[in-house]
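Residue numbers for the sequence shown follow full-length UniProt numbering, so the first one is 1 and each next one is one higher.
For each residue, glycine too, the CB sits at the ideal point set by N, CA and C.
Just below is one structure, and these are the notes that go with it.
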Amino acid sequence: MVSYSGMRKYPHRLYEVGKTPVQSRSMNHSCYLSNIQTVREELGEDVWSELRESAIGVIVKLKELHYIWSAKVVHHFLANQLAIESSHEILSLIDSMPFRFSLYEFGEITGLNCDPFDKHDV
1 MVSYSGMRKY PHRLYEVGKT PVQSRSMNHS CYLSNIQTVR EELGEDVWSE
51 LRESAIGVIV KLKELHYIWS AKVVHHFLAN QLAIESSHEI LSLIDSMPFR
101 FSLYEFGEIT GLNCDPFDKH DV
């Protein structure tokens, strides 16, 4: 094991210690995936299947995966985010260690397809 006594250099923080993202940019906390079951029952299976394949199908897939939202964890990632150039990942500090979260990890956790897509398919 190698020990390192010097300070590691990471990109600067996106927000000051103790500060959080601007409230107007925060995510909606009043949406519950459990309410989507009512929508599914009212729409019927044919429309539900079409919805699954549409642009908002990701919401249907999250419901079917029984996805659990952890607002506290996401808030911690965002509040401790480091300023990096990439728009496809975030780098945050957890206990002074960098933690990378990208589309790849999101896809692994949710099981959703996060592969590149053709712009013309929209």
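Minimum Cα-Cα distance from P11 among the listed residues I59, L103, M97, D118 corresponds to M97. Between the segment 33 to 45 and the segment 102 to 120, the count of Cβ pairs shorter than 8 angstroms is below three; the stretches do not touch.
Close CB contacts of N113 within its chain, under the 8 angstroms cut and outside five residues either way in sequence, are with G107 (chain order).
Within the same chain, and ignoring the five residues on either side of V60 in sequence, the residues whose Cβ sits closer than 6 angstroms to its Cβ are L51, R52.
When only Cα atoms are considered, N35 and K9 end up about 45 angstroms apart. Burial state of L65 is exposed, judged by a 10 Å Cβ sphere holding fewer than 16 other Cβ atoms. Within the model, the alpha-carbon separation for K72 versus L78 is close to 10 angstroms. Within the same chain, L65 come within 7 angstroms of G111 by CB-CB distance, once the 5 residues on both sides are set aside.
In this structure I84 is in contact with L91, their Cβ atoms being roughly 5 angstroms apart against a cut-off of 8 angstroms. Apart from sequence neighbours up to five positions away, the residues of its chain that approach H88 with a beta-carbon distance below 8 angstroms are S102, L103, ordered along the chain.
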